[in-house]
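Just remember that this note's numbering sits 23 ahead of the position in the sequence shown, which is counted from 1. This report refers to the structure that appears directly beneath it.
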Amino acid sequence: MTTRTRAWAALFPGQGSQKVGMGRALWERHAEARDVFARADEALGEPLSRLCFEGPEQDLRLTRNTQPALLTTSIAAWEVLRSRVPTAPVCAAGHSLGEYSALVAAGVLSFEDAVRAVRLRGEAMQEAVPVGRGAMA
Numbered sequence: 024m025t026t027r028t029r030a031w032a033a034l035f036p037g038q039g040s041q042k043v044g045m046g047r048a049l050w051e052r053h054a055e056a057r058d059v060f061a062r063a064d065e066a067l068g069e070p071l072s073r074l075c076f077e078g079p080e081q082d083l084r085l086t087r088n089t090q091p092a093l094l095t096t097s098i099a100a101w102e103v104l105r106s107r108v109p110t111a112p113v114c115a116a117g118h119s120l121g122e123y124s125a126l127v128a129a130g131v132l133s134f135e136d137a138v139r140a141v142r143l144r145g146e147a148m149q150e151a152v153p154v155g156r157g158a159m160a
């Protein structure tokens with residue numbers, strides 16, 4: 024009897040999927056997730072994990088925080104999945120901000136470089152469009 028491996032793909036979300044509490048269940052249950060959140064806190068020099076888990080929501084919604092928070096949560100989930108699935112995905116893709124998570128998952132960009140880059144990206148976007156102005160239709 025032969026074992027057949029199914030092909031699968033990894034798809035990462037973009038901005039807009041954030042919410043207070045995201046990643047907390049992963050952090051509580053999986054060492055891989057705890058490691059990713061600790062690495063984000065270290066790379067940014069601040070407790071991003073606390074903002075993800077406890078809020079406040081108005082701070083999490085700031086683009087400068089939302090982007091590294093989503094990347095970190097996505098990569099925490101990725102690392103947990105990677106430790107449990109024996110085959111690699113045939114591709115990794117992301118919607119907008121999720122492209123950075125896909126680059127990390129593909130090994131093109133280090134997590135630490137990505138989390139710092141999306142912090143800068145978020146700051147630039149927040150400066151270009153002040154809070155409460157502009158939206159996608």
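Idealized CB from N, CA, C, for every residue including glycine.
Here ALA116 is actually not in contact with GLN41; their C-beta atoms are around 19 Å apart, not less than 8 Å. When C-alpha distances from ARG139 are compared across VAL113, LEU71, GLY46, ALA48, the shortest belongs to LEU71. Considering only GLY130, ALA33, ARG87, the residue with the shortest C-alpha distance to HIS118 is ALA33. Contact between PHE76 and GLY46 is confirmed by a C-beta separation of about 7 Å, below the 8 Å threshold. Take the alpha-carbon of LEU85 and the one of LEU126: they are about 23 Å apart.
In the three-state scheme derived from DSSP, where H, G and I count as helix and E and B as strand, LEU143 is classed as helix.
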